[in-house]
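Enquirer: Next up is a structure, given as structure tokens.
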Amino acid sequence: MAWTWIILVIVLTCILWPWLKKKAQRKLPPGPKGLPIIGHLHLLGKNPHQDLQKLAEKHGPIMSMHVGFVHKIIVSSPDAAEKFLKTHDLNFAGRPSLEVAKHIGYEQRNLSFSTYGPYWRNMRKLCTLELLSNVKINSFQAMRKKVLGELVNVLEHAAQEHVAVDISTRITSMTSDFSSQMVFGKKFEDKEFGERGFKGVIQEGTKLAVTFNLGDYFPYIGGLDLQGLTRKMKAIANIWDQFLEKILDEHEQPKEHGQAKDFVHTMLGIMKSGYSEFEFDRCHVKAILMDMFAASADTASTTIEWTLSELIRHPRAMKKVQKELEQVVGMDKMVEESDLESLEYLNMVIKEAMRLHPVAPLLLPHHSLEDCTVDGFLIPKNSRVIINVWAIGRDPKVWTDAEKFLPERFGGSNIDLRGRDFELIPFGSGRRGCPGMQLGLTIVRLVVAQLLHCFNWDLPNGMQLSELDMTEEFGILVGRATHLIAIPTCRLQK
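Here the sequence shown stands for residues -24 to -1, 1 to 470, numbered as in mature numbering (1 follows the signal peptide of the UniProt record, and there is no 0).
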């Protein structure tokens, strides 16, 4: 009997040895020790991007972690990011299936979280050509000028009264108006969303999107809704759906002569014409409209806030931008969008602000479609890949004085932020790079330029520059934990 077992072990070893040897050679990336069931969840605090940076300093730029049944790969250096987003871009072009995308994103029909495949490719092509082309962006130039002019008028009145302004609130309201008019054709008041209000509905949806959801990591208990999150997601989704249905109904009425063709008109035209290469119904239209509004409103306002915050803390850099504006634009008129390409130092400032404060510090998660070997490490199929662009932007091996705000570092540099240079990828890169990058850059550059050209800015109540709170608040986007408050003083000779 003993010999039987010995022979069986020898046979099995011979059969399994090639597989075991291959598996051993394809090792997982290193990572911290985890706990049973919860994995590495206990290592992440209220600012996961910062926690992951510290862990990567110990375990390396390609790090393995897991939470529940989900295997995660954390990428924290430009070289590693290039391997995932360029060399093996196709394999990591997937998106994980998340509860919030299912319930609020119309079963992942939106561009941001739809799974990789023919539908996503066609949808991205459609959005890029029809909604986010330079021609379409330029068609809203007059609207942007009008809305920004309204903010300047408010700030001029505050300057005359020498009162402090909540810049965060004003900027958020303005960019929301930009997005509402571009996507839906008009602004919206809180009362149109009932007791929650317009901003309240957006904030509640955002909060749900970043809340730890057991169903995303323990799929076997996801249907039980132990946290009550599914119920809340469905409630918010229902409010948005009713709102979007109302918008679609309004846009199907005869259009007034001369009325701007917003995103709703464009998408309905595509749906009715049969132009699309795939099934395209009202659910698809609503998913894309929600995506476009969410992606364009808060991202721009958050970047503008961080940029102005850094410039207020660094008066020398602010004066340098203002000097450039005087030379390019002149002190007798406001900034036009046609001036933006000539503002070299302003563009360096925007790059530096995005390096230190990428609004999506972990980007959106990627999903591996197949087993893959990267830098000698096995990246298993269905892994969730997290690109820590916040850590990449502060990597001391890449950036001199990485924690300091130094726009001049980009003088004479070829480093761009459009996804080609992996030292600076605030918009991501590769197939899943942000398709709205040009629109976002246009808004950020225009607003920052206008507010610096029209006004000087000082902190209120004798506050010292070193006292300005720069604490981050983590979410889908990472913004300021406290609002930016400052006093404007008029500069222009109008």
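Don't be surprised by glycine CBs; every beta carbon is placed ideally from N, CA and C.
Classify residue 52: buried if its beta carbon has 16 or more other beta carbons within 10 angstroms, exposed otherwise.
Expert: Within the sequence shown, the letter at position 76 stands for residue 52. Buried, by the Cβ-count rule.
Enquirer: Comparing alpha-carbon positions, which option in 432, 97 and 108 lies nearest residue 134?
Expert: One-based indexing of the sequence shown puts residue 134 at position 158. Nearest option by C-alpha distance: 432.
Enquirer: Considering Cα atoms alone, identify which of 293, 95, 438 and 6 is closest to residue 326.
Expert: Residue mapping note: residue 326 aligns to position 350 of the sequence shown, counting from 1. It is 293 whose Cα lies nearest to the Cα of residue 326.
Enquirer: Comparing C-alpha positions only, which one of 379, 419, 372 and 370 sits nearest to residue 279?
Expert: Reading the sequence shown from its first residue, position 303 is the one you call residue 279. The shortest C-alpha separation from residue 279 is found at 419.
Enquirer: I want to know whether the region 332 to 352 touches the region 302 to 320 - three or more CB-CB distances under 8 Å.
Expert: Contact between the region 332 to 352 and the region 302 to 320 is absent, because fewer than three Cβ pairs lie under 8 Å.
Enquirer: Quick check: what's the CA-CA separation for residue 429 versus residue 218?
Expert: For the purposes of this step, residue 429 is taken as the residue at position 453 of the sequence shown. For the purposes of this step, residue 218 is taken as the residue at position 242 of the sequence shown. For residue 429 and residue 218, the distance between alpha carbons rounds to 42 Å.
Enquirer: Of the choices 269, 298, 37 and 118, whose alpha-carbon is the least far from that of residue 151?
Expert: By 1-based counting over the sequence shown, the position of residue 151 is 175. Checking every option, the nearest Cα to that of residue 151 belongs to 269.
Enquirer: Report the option in 445, 465 and 464 whose CA atom is closest to the CA atom of residue 456.
Expert: By one-based count along the sequence shown, residue 456 stands at place 480. Measuring from the Cα of residue 456, the nearest candidate turns out to be 445.
Enquirer: Hey, would you say residue 247 sits closer than 7 Å to residue 80, going by beta carbons?
Expert: Here residue 247 is taken as the residue at index 271 of the sequence shown, counted from 1. Here residue 80 is taken as the residue at index 104 of the sequence shown, counted from 1. Not in contact: residue 247 and residue 80 (Cβ atoms no closer than 7 Å).
Enquirer: Measure from the alpha carbon of residue 147 to the alpha carbon of each residue in 187, 119, 12 and 424, then state which is nearest.
Expert: Translated into positions along the sequence shown, residue 147 becomes position 171. Here the closest residue by C-alpha is 424.
Enquirer: Considering only residues of the same chain and omitting the five flanking positions on each side of residue 405, which have a CB-CB separation below 6 Å?
Expert: Reading the sequence shown from its first residue, position 429 is the one you call residue 405. Here the set comprises 61 and 395.
Enquirer: Say whether the region 200 to 214 touches the region 88 to 100, bearing in mind that this needs 3 or more beta-carbon pairs closer than 8 Å, one atom from each stretch.
Expert: The region 200 to 214 vs the region 88 to 100: no contact.
Enquirer: Can you grab the Cα-Cα spacing for the pair residue 77 / residue 328, in whole Å?
Expert: In the sequence shown, residue 77 corresponds to position 101, counting from 1. In the sequence shown, residue 328 corresponds to position 352, counting from 1. Computed Cα separation, rounded: 32 Å.
Enquirer: With a threshold of 16 other CB atoms inside 10 Å of the CB of residue 16, please say whether the residue is buried or exposed.
Expert: By 1-based counting over the sequence shown, the position of residue 16 is 40. Buried, because 16 or more other Cβ atoms sit within 10 Å of the Cβ of residue 16.
Enquirer: Which class does residue 39 belong to by DSSP, given the choice of helix, strand or coil?
Expert: Against the sequence shown, residue 39 aligns to sequence position 63. Looking at residue 39 - three-state DSSP - the assignment turns out to be strand.
Enquirer: Using only CA atoms, which one of 27, 42 and 302 lies nearest to residue 4?
Expert: Stepping through the sequence shown from its first residue, residue 4 is reached at position 28. The shortest Cα separation from residue 4 among 27, 42 and 302 belongs to 42.
Enquirer: Could you check what DSSP says for residue 141 in three-state terms: helix, strand or coil?
Expert: Walking along the sequence shown from the start, residue 141 turns up at place 165. In this structure, residue 141 counts as strand in the three-state DSSP scheme.
Enquirer: Mind checking who residue 48 pairs with in its DSSP beta bridge?
Expert: In the sequence shown, residue 48 corresponds to position 72, counting from 1. Residue 48 pairs with 41 and 360.
Enquirer: With residue 246 as the anchor, note down where its alpha helix (DSSP H) starts and where it stops.
Expert: The residue you call residue 246 lines up with position 270 of the sequence shown. 239 to 249 is the extent of the alpha helix (DSSP H) around residue 246.
Enquirer: Considering only their Cβ atoms, is the gap separating residue 142 from residue 463 smaller than 7 Å?
Expert: In the sequence shown, counting from the first residue as 1, residue 463 sits at position 487. In the sequence shown, counting from the first residue as 1, residue 142 sits at position 166. Their beta carbons are not under 7 Å apart, which means residue 463 does not touch residue 142 by this criterion.
Enquirer: Around the Cβ of residue 390, are there at least 16 other Cβ atoms within 10 angstroms (buried) or fewer (exposed)?
Expert: Walking along the sequence shown from the start, residue 390 turns up at place 414. So residue 390 ends up on the exposed side.
Enquirer: Looking only at its chain, what residues have a beta carbon closer than 7 Å to the beta carbon of residue -20, apart from the 5 residues adjacent to it on each side?
Expert: Taking the first residue of the sequence shown as position 1, residue -20 is located at position 5. Interpretation of residue -20 is limited by its pLDDT of 44, a score under 50 that renders its predicted location unreliable; the figure taken from the coordinates is listed afterwards. The answer is none, since no qualifying residue turns up.
Enquirer: For residue 451, which three-state DSSP category applies?
Expert: By one-based count along the sequence shown, residue 451 stands at place 475. Coil, per DSSP.
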